[in-house]
Structure formats: C-alpha cells, structure tokens
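In my numbering, the protein residues as written are 730 to 1133. Using N, Cα and C, we set each Cβ at its ideal position, and we do this for glycine too. For clarity, every value in this text was computed on a predicted model and none was experimentally measured.
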Amino acid sequence: MAAGELKPRWGQPLTGIISFIVFFLVAWVTWFIFSDPRGPIKWFPYPFVMYLAMMILVGLWQHMFLGDWPFQNMSQPARGIVQTIVNIILVWFVIDIIFYRVLGLGFNFLSYYGMVAAGKPGKLAQVAVVCFVLIGFYSYPVFTIFFAKWPIRPSDLKQPAAGFAEIGWATAVTLIFYTVLIVPFFGLIFKTPAIATPWWTGLAGTPHVHWVFGWWEWAIIILFMTPNVWRMKPWSAMNISQPAKGIISMILSFVGAYILALICIKIAPAWVPQETFHHLEEAKGIAEVKRFLWLHSAEIAGFTLIPFLIWHHYFDDMCPMSDKDSWGAFFFRTIGVLVFTAINYWFFYYANFGHWGLGNHHMTELSHRFPHGESLIWNFWWIIPLLWNEWFFHKWPFYVHDEH
C-alpha cells in the first residue's frame, strides 16, 4: 500500500488539541530544565536565548533549504531524532566556530572570547548573534515564501547543491540587512569611529536596536502567516513573475510591519500600567520609554506565533467555510489568530504565567511585568517543539498516512 497524504490521527479538533497540550508541556518542562531560575541549569536569558534562536535558524536551513537531506528517506521517529541531534551539533558549530572563532577574528563583537579578552561583557557577542538570527528569521525564508526559491529555482540542481546555494545567496542578503540595521547599534556601544552609530535615532525616538525588533518581528509574522493560515493570500493575487513578485511582496510586508508596529506603540499604553512608563522615564528618560514600546511591539507580534502555526499545521486551517482558500476563510482565521493572540498575551502577563510558570522573579507586581521582553523568548521557545515535530518528525505521531 502506498503512503498517501497525512491525516490527523484522532480527527479534528481533537488532534489539534492533543498536539497543543503536548507541545506546551514539552516547552514548559524543557524551559524549567534549561532556563528557569528555579531549575537545574538556569541559563536565562543568556546563553539560552542565543541557542534557541540559532536552533530555529539552523532547523530552517535543514528543512526549508536542504529538504531534510540526507535523512529524508529515513523512517520516523528515527529521522526526527537524528535531525534533532544534527541540529544541536550544527548550532554549536555555527555559534562557537563560525561566529566566535572565524567571523569574530574580524568583528570582535561577534566573538564571546574576543569580548572577554577585551575586558567587555561576553554577553555582547551573544546579543550580536541573536540579532543576526533575528534578521535571518526573515531574510532566509523570504526566498522560499515570497520569491518561490528564485534565483536558485527553477533549475536542475539536486540536493545538497541546491540547498547550499540557497543558504549562500540568502546569507549574502542577510549580511546586508545586518550591516544596515544591527551593526550601528554596536557602534553606539563601543563608540569607535570605525562603526557608524544608529541612523534611526530621530525616526524612532531611541537609538536602541529594539526599534529594529519592533517592526522586523512583525515582518517575520507577515512572512510566515502567508504560507500558514493565509494560504499564500494576498500575495497570490499578483500574477507577475519573479523576482518582481518577491520584491513587491517584501516591500509591502515591510510597510505593513511598520504600520502594525506603530499601531502597537499607540495602543499599548491602554493596558500597560502607567506606573511602568513612569518607572522607565524616571530611570533613563523618555528614550527608554520609546525603547520599551518598540520592544513590546515585537513581543505582541510574538504572541501570534503559536496561534497561527498550530492552527495551520495541527488544526488543518479549520474554518466554518467549505472553501478553506476563500477570502471569508482568510478573514476568519486572521481574526481568530488575533483573538488567540490576545488570550495568549493575557495569560502571560495578567494571569502571570511569566512569574509562576517561567520563574521571572521580577513579575510579582503588575507594573514590573512588561519592560524586560521575556515573553518573546518564551514564545520562540514554545514553537520549537511544534516546528521540530512538523519539520523533522513529519507530524509523527499526531498524524498518520492515509493508506490507499
């Protein structure tokens, strides 16, 4: 019997509910082990955030670019286990060898050891790596999602040549974005004329790199909503060839992301306690308030991750419409994602899961819960079990092949 398409093992919505519970518990338990200040390892926030960010980026290379090569023909769950082990090894190699010991030879802020030798906090190098991954969350997958793998495809390149070509091309673009949007922040920190300082200070009201986080994270959300609950709308309405379609889609996603970030900045004071803003302004001035609002925009974006990813991958884009690709279904799922985002946000901050669930000790008082950005870290950690199961384990054991 040939293996057919994947089917939810227990039907819907039960398969989605069970998957949701399992992914949440796996993320929560592993958070306690590796990150929670009450747990055994206590890697919060660094180097934990650096490793989890790089895990997702390397996983994207493995699955989206290399097509799970060379493990694509292995049976489950062996394939998923092997790919996870390979991911962990590659993450160590990329961070400790490529960034710290190769790129760090020329750019000291990319080397943990270089920072320590220079009498600077090693954490600065970890921040620099996280910022590279932040840029890469958009600049790598954009060539698959918006550009349909142009310029590598169409071609007769086989794996792994095709995958490495995509990685190389996307890395070149990533480095351009990184140079323009991230490097000036380190010019501000190190105050050397060899590195420019943030050009966005007047525009953003703050020189902090969190301005980039605030709208870039929304660009990432728009990018990944496209193949997930949007099912390639609205970009599929453009009947033009590549690379024009990809360039226009990318520009529109940046414009949309910036608008969404500005909306978040305007409306966040409606529910964030005024005491939070008073404390920030008294401590470091109005620029610190602006910095927080840009970062919080990114946090709000992060709360959409689980809702739209699990809705697509494990609830199969459920909607009351018979045509899942209709505009009615598009708006139904979009509004639904926003509703679940609000619930997710409320659970973290107002039900205070960030304190009793994740061990963030400063979150006892409501006004102290918002300024630190931990929710973004948690939401990225939470999606790793989901992505690993979808990418590496091919949804095993939650889905089965329909034999026919």
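With a threshold of 16 other CB atoms inside 10 Å of the CB of residue i, please say whether the residue is buried or exposed.
{"i": "residue 831", "result": "exposed"}
{"i": "residue 1062", "result": "buried"}
{"i": "residue 1136", "result": "With the chain running from 730 to 1133 in the structure shown, residue 1136 is simply not present."}
{"i": "residue 1090", "result": "exposed"}
{"i": "residue 921", "result": "exposed"}
{"i": "residue 822", "result": "exposed"}
Quick test of your reading: residue i and residue j, contact by CB under 8 Å. State the CB separation rounded to the nearest angstrom.
{"i": "residue 757", "j": "residue 763", "result": "About 11 Å; that fails the 8 Å criterion."}
{"i": "residue 755", "j": "residue 1049", "result": "Actually they are not in contact, since the Cβ atoms of residue 755 and residue 1049 sit about 31 Å apart, beyond 8 Å."}
{"i": "residue 798", "j": "residue 892", "result": "6 Å"}
{"i": "residue 1107", "j": "residue 1087", "result": "6 Å"}
{"i": "residue 1127", "j": "residue 748", "result": "5 Å"}
{"i": "residue 839", "j": "residue 854", "result": "6 Å"}
Rounding to the nearest angstrom, what Cα-Cα distance links residue i and residue j in this structure?
{"i": "residue 800", "j": "residue 881", "result": "22 Å"}
{"i": "residue 1018", "j": "residue 872", "result": "35 Å"}
{"i": "residue 868", "j": "residue 750", "result": "31 Å"}
{"i": "residue 1022", "j": "residue 1015", "result": "11 Å"}
{"i": "residue 904", "j": "residue 738", "result": "43 Å"}
{"i": "residue 837", "j": "residue 1057", "result": "52 Å"}
{"i": "residue 802", "j": "residue 814", "result": "17 Å"}
{"i": "residue 899", "j": "residue 1093", "result": "43 Å"}
{"i": "residue 1084", "j": "residue 1075", "result": "13 Å"}
{"i": "residue 1105", "j": "residue 1028", "result": "5 Å"}
{"i": "residue 931", "j": "residue 910", "result": "15 Å"}
{"i": "residue 783", "j": "residue 991", "result": "28 Å"}
{"i": "residue 859", "j": "residue 775", "result": "10 Å"}
{"i": "residue 807", "j": "residue 1122", "result": "8 Å"}
{"i": "residue 897", "j": "residue 1011", "result": "46 Å"}
By DSSP, does residue i sit in helix, in strand, or in coil?
{"i": "residue 820", "result": "helix"}
{"i": "residue 797", "result": "coil"}
{"i": "residue 825", "result": "helix"}
{"i": "residue 735", "result": "strand"}
{"i": "residue 1001", "result": "coil"}
{"i": "residue 1041", "result": "helix"}
{"i": "residue 958", "result": "coil"}
{"i": "residue 869", "result": "coil"}
{"i": "residue 780", "result": "helix"}
{"i": "residue 1078", "result": "helix"}
{"i": "residue 775", "result": "coil"}
{"i": "residue 939", "result": "helix"}
{"i": "residue 1097", "result": "helix"}
Excluding the 5 residues flanking residue i on each side, which residues of the same chain have their C-beta closer than 6 Å to its C-beta?
{"i": "residue 1078", "result": "1098"}
{"i": "residue 786", "result": "862, 865"}
{"i": "residue 1134", "result": "Absent from the structure is residue 1134, since the part of the chain shown begins at 730 and ends at 1133."}
{"i": "residue 792", "result": "1120"}
{"i": "residue 917", "result": "926, 927, 936"}
Below 7 Å CB to CB, which residues in the same chain sit around residue i once its five sequence neighbours on both sides are set aside?
{"i": "residue 1070", "result": "1032, 1033, 1036"}
{"i": "residue 983", "result": "948"}
{"i": "residue 795", "result": "888, 889, 892"}
Flag residue i as yes if its beta-carbon sits less than 8 Å from any beta-carbon of chain D, otherwise no.
{"i": "residue 950", "result": "The question asks about chain D, but that chain is absent: this structure has only one protein chain."}
Ignore the nearest five residues each way along the sequence and tell me which others in residue i's own chain have a CB closer than 8 Å to its CB.
{"i": "residue 928", "result": "913"}
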